[in-house]
Structure formats: structure tokens, C-alpha cells
Ligand SMILES: C[S@@+](CC[C@H](N)C(=O)[O-])C[C@H]1O[C@@H](n2cnc3c(N)ncnc32)[C@H](O)[C@@H]1O
Ligand SMILES: [Zn+2]
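This is the structure in C-alpha cells:
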């Protein structure tokens with residue numbers, strides 16, 4: 018029998034994807050009850066049960082998803098996108114021949130994927146590198162957008178053709194919480210968390226032995242001129258506290274830095290503020306003054322990122 022990649026978020030029983038409704042087999046439920054999860058018309062599956070929701074609409078809002086989509090599609094963070102994809106490619110290319118020989122598919126989880134700017138670039142790698150990409154986020158509007166783009170590109174999980182010796186990486190867009198991943202233990206070769214939550218225990222659980230974890234965070238000095246304009250007291254990003262929490266389950270193998278100078282119009286700056294936590298924390302007068310100044314002259318700032326490459330310790 019085919020071993021399922023997915024498990025039920027309610028009873029952890031195995032669950033097989035199906036075109037209209039995903040259903041667990043209930044084998045681990047005390048009453049053998051099977052739970053259904055409908056596939057949305059855009060092609061994503063909502064695997065976030067109400068009891069795991071901490072608010073009515075968890076995660077990023079429609080407005081912040083739209084702002085991020087406009088901003089990212091303009092290419093401002095392209096260097097980071099390229100760096101992440103290169104790192105994944107290097108890591109996975111080493112392991113792929115062994116996986117192929119053992120007939121194992123290579124699965125990758127992009128957690129907190131948002132509307133999928135980085136996920137779509139990962140999918141371009143093709144099945145020589147990644148067979149299956151699980152794009153997961155707690156925000157429904159994010160997954161609606163990601164599923165639409167994946168469908169147009171013909172990469173959705175139900176669009177793969179059985180006959181074709183397809184080179185396509187297939188995408189499963191899932192609404193889920195990072196704390197309750199609907200994935201079988203040791204089923205994914207890697208996880209990316211790009212400005213997204215980091216849950217050491219949940220990640221270690223679903224990763225294979227020696228599986229990879231790629232984390233992207235803002236580095237010191239990220240958007241410094243914007244933060245100076247918005248706040249009286251600018252605190253630096255405290256970027257590596259989480260590393261302690263990840264050890265001893267994970268070993269840090271590499272760190273990379275990338276930066277990009279940006280010259281932003283008023284609407285781009287407004288989008289950047291909407292897609293980052295600054296939008297909520299800055300005083301509205303300061304934000305207004307900044308945006309008015311930018312109407313006259315482009316705003317110059319620098320994006321600075323740090324990318325951590327970690328590997329799961331085999332005994333965790
Ligand atoms: C700063 S955004 C980054 C999105 C995307 N990775 C990018 O860089 O464009 C953080 C994302 O994490 C998601 N998120 C927040 N808490 C989450 C959780 N507990 N489980 C899954 N996703 C979560 C949000 O909905 C949001 O889309
Ligand atoms: Zn179930």
C-alpha cells in the first residue's frame with residue numbers, strides 16, 4: 018500500500034489526497050471515525066480545525082498578502098529568493114541520486130509560505146531536485162493566492178499527469194498551523210521558514226534524519242533608514258536567539274548574508290510597511306510624514322537578510 022505523506026490534523030490517522038475531499042482513514046481514532054476535509058475550488062485544502070484557530074482569521078490578512086505580492090513581484094527581494102533556491106539546490110542535489118535509487122520522493126515543506134513568492138521559485142527546480150513541495154500557511158487568503166498561481170502554472174497536486182515522465186515539482190497548498198503539521202513523521206527532506214515561525218519540536222518530528230532546515234531572517238541594519246524615520250528608538254533585530262532553541266536537535270552548518278539597495282516610490286514604501294510588522298507598531302503621524310516626503314523624492318533604504326542552513330541531528 019502507498020504510504021501516505023499526510024496525516025489527519027484531528028486524529029493523526031493516515032490521509033490520502035483525493036480530488037474533492039481528503040479523508041483520513043480513522044485508524045488511530047478511538048472510534049475509528051474518519052474526518053473529511055474539502056478541497057477548495059482554487060485547489061488548496063484547509064487542514065486547520067477550528068479548535069486550532071486562535072482567532073477568526075489567523076495569519077496574514079488579505080491586505081498584507083496583496084501588499085507583499087505587489088512588492089515582491091517588483092523584484093526587490095530577488096537576491097534573497099535566488100540565494101534560498103541555490104542553497105536548496107546544492108543540498109538536495111547531493112542526496113537525490115540515493116533517493117532515486119531507493120525510489121523515495123523528495124518532499125520539501127515551505128512553512129509560513131505566504132502568497133508563495135519563494136515557493137514558486139522553489140517549484141522551478143523541477144522533480145530532479147524536489148518532487149513535492151508542501152506550501153503551508155495559517156492564512157487562508159495567502160493560500161488562495163498561492164493555489165491560483167500554482168494552478169495557472171500547472172503545478173497543483175491534482176494537475177500532474179500519470180503517463181508523462183513529468184519533470185514538474187508538484188505543489189500541495191495547505192492551510193495549517195506550524196504547530197500541528199499534517200505530515201507523517203520523518204517524511205520531509207527539508208523545511209524552509211522564511212520570516213516565518215520556527216518550531217523546533219514540530220520541525221524535527223516531520224524531518225527525515227539529517228533533513229535540512231533553511232531559515233531566513235532580517236539581519237542587523239535591515240531597512241534601517243525606514244525604521245529611523247518611523248521610530249524614536251530603533252532596536253536592532255536580535256537575529257540568532259532562536260538558534261539556542263534549535264540546538265541540540267539541529268546543527269548549524271552554514272550562514273549566508275545578502276543585501277539589496279532599494280529606491281522606493283511612495284506606493285512601494287506603503288506596501289513595504291503594510292507587509293512588515295512596522296505597519297502596526299509605528300505611530301500613524303510618523304508614517305504619514307514619511308509617505309508625504311516620499312511623494313516628492315524616492316526613498317532609499319537597504320534590505321539585509323541572513324540565511325541559516327541547519328541540519329537535523331540524526332538521533333533527535
Ligand atoms: C512575514 S510572513 C512571510 C511569508 C513568506 N514566507 C514571505 O517571506 O513572503 C509570515 C507568514 O507566516 C504565517 N504564519 C504566522 N503564524 C503561523 C503559524 N502558526 N503557522 C503557519 N503559518 C503562520 C503568516 O500567515 C504569514 O503568511
Ligand atoms: Zn482523523
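In the numbering used here, the protein residues as written are 18 to 333.
Quick reminder that beta carbons are idealized off the backbone N, C-alpha and C, glycines included.
Query raised in the report: Between residue 196 and residue 216, which are expected to be in contact by the criterion C-beta below 8 Å, what is the C-beta distance as a whole number of angstroms?
Result: Between residue 216 and residue 196 the Cβ distance is about 6 Å, and since that is below 8 Å, they are a contact.
**Report entry** Whole-Å CB distance - residue 69 paired with residue 26, under 8 Å assumed
**Finding:** Indeed, because the Cβ distance is near 7 Å, the residues count as touching under 8 Å.
Requested in this report: For the region 103 to 112 and the region 80 to 92, state whether three or more C-beta atom pairs, one from each stretch, are separated by less than 8 Å.
Outcome: With contact defined as three or more Cβ pairs closer than 8 Å, the region 103 to 112 and the region 80 to 92 are not in contact.
Query raised in the report: Pick from 45, 39, 36 and 21: whose alpha carbon is nearest that of residue 28?
Result: Proximity to residue 28 across 45, 39, 36 and 21 peaks at 45, based on C-alpha coordinates.
**Report entry** 8 Å contact criterion, which residue 191 and residue 151 should meet: CB distance rounded
**Finding:** Confirmed, Cβ separation roughly 6 Å.
Query - Where the alpha helix (DSSP H) through residue 137 begins and ends - result: That run of the alpha helix (DSSP H) goes 134 to 140.
Query raised in the report: Given a threshold of 16 other Cβ atoms within 10 Å of its Cβ, counted over all protein chains shown, does residue 90 qualify as buried or as exposed?
Result: Exposed.
Query raised in the report: What first and last residue would you give for the beta strand (DSSP E) that runs through residue 202?
Result: Neither: residue 202 is in no beta strand (DSSP E) and is coded neither H nor E.
Requested in this report: Per DSSP, which residues does residue 290 bridge with? Please list them.
Outcome: In the DSSP secondary-structure assignment, residue 290 is not bridged to any residue.
Query raised in the report: What span of residues does the alpha helix (DSSP H) with residue 277 cover, start to end?
Result: Premise fails: residue 277 lies in the beta strand (DSSP E), 267 to 281, not in any alpha helix (DSSP H).
Query raised in the report: Just reading off the alpha helix (DSSP H) that residue 311 is part of, what are its end residues?
Result: Element bounds for residue 311: 301 to 313.
**Report entry** Length-filtered (4 minimum) alpha helix (DSSP H) runs lying within the region 147 to 184
**Finding:** Runs of the alpha helix (DSSP H) inside the region 147 to 184: 157 to 169.
**Report entry** Proximity of residue 65 and residue 156 at Cβ, strictly below 7 Å
**Finding:** Their beta carbons are not under 7 Å apart, which means residue 65 does not touch residue 156 by this criterion.
Query raised in the report: Per DSSP, residue 14 is paired with what?
Result: Any answer about residue 14 is impossible in this case: the structure gives the chain only from 18 up to 333.
Query raised in the report: Considering only C-alpha positions, which residue in the set 207, 212 and 211 is nearest to residue 220?
Result: Nearest C-alpha to residue 220: 207.
Query raised in the report: With 16 as the cutoff for other CB atoms within 10 Å, does residue 115 come out buried or exposed?
Result: With fewer than 16 other CB atoms across the displayed protein chains lying within 10 angstroms of its CB, residue 115 is exposed.
Report task. Going by CA-CA distance only, name the one from 78, 185 and 177 that's closest to residue 161. Result -> Ranking 78, 185 and 177 by Cα distance to residue 161 puts 78 first.
Query raised in the report: Given a threshold of 16 other Cβ atoms within 10 Å of its Cβ, counted over all protein chains shown, does residue 347 qualify as buried or as exposed?
Result: Because residue 347 is not part of the residues shown, which for the chain are 18 to 333, the question remains open.
Query raised in the report: How would you call residue 35, buried or exposed, if buried means at least 16 neighbouring beta carbons within 10 angstroms?
Result: Residue 35 should be labelled exposed.
Query raised in the report: Are the region 232 to 252 and the region 314 to 321 touching, with three or more C-beta to C-beta distances below 8 Å?
Result: The region 232 to 252 vs the region 314 to 321: in contact.
Requested in this report: With hydrogens ignored, establish whether the beta-carbon of residue 52 is closer than 6 Å to any heavy atom of ligand 2.
Outcome: At least one heavy atom of ligand 2 is found less than 6 Å from the C-beta of residue 52.
Query raised in the report: Under three-state DSSP, which class holds residue 112?
Result: Three-state DSSP puts residue 112 in a helix.
Query raised in the report: Whose C-alpha, out of 307, 284 and 210, is nearest the C-alpha of residue 87?
Result: If you compare the alpha carbons of 307, 284 and 210 with that of residue 87, the shortest gap goes to 284.
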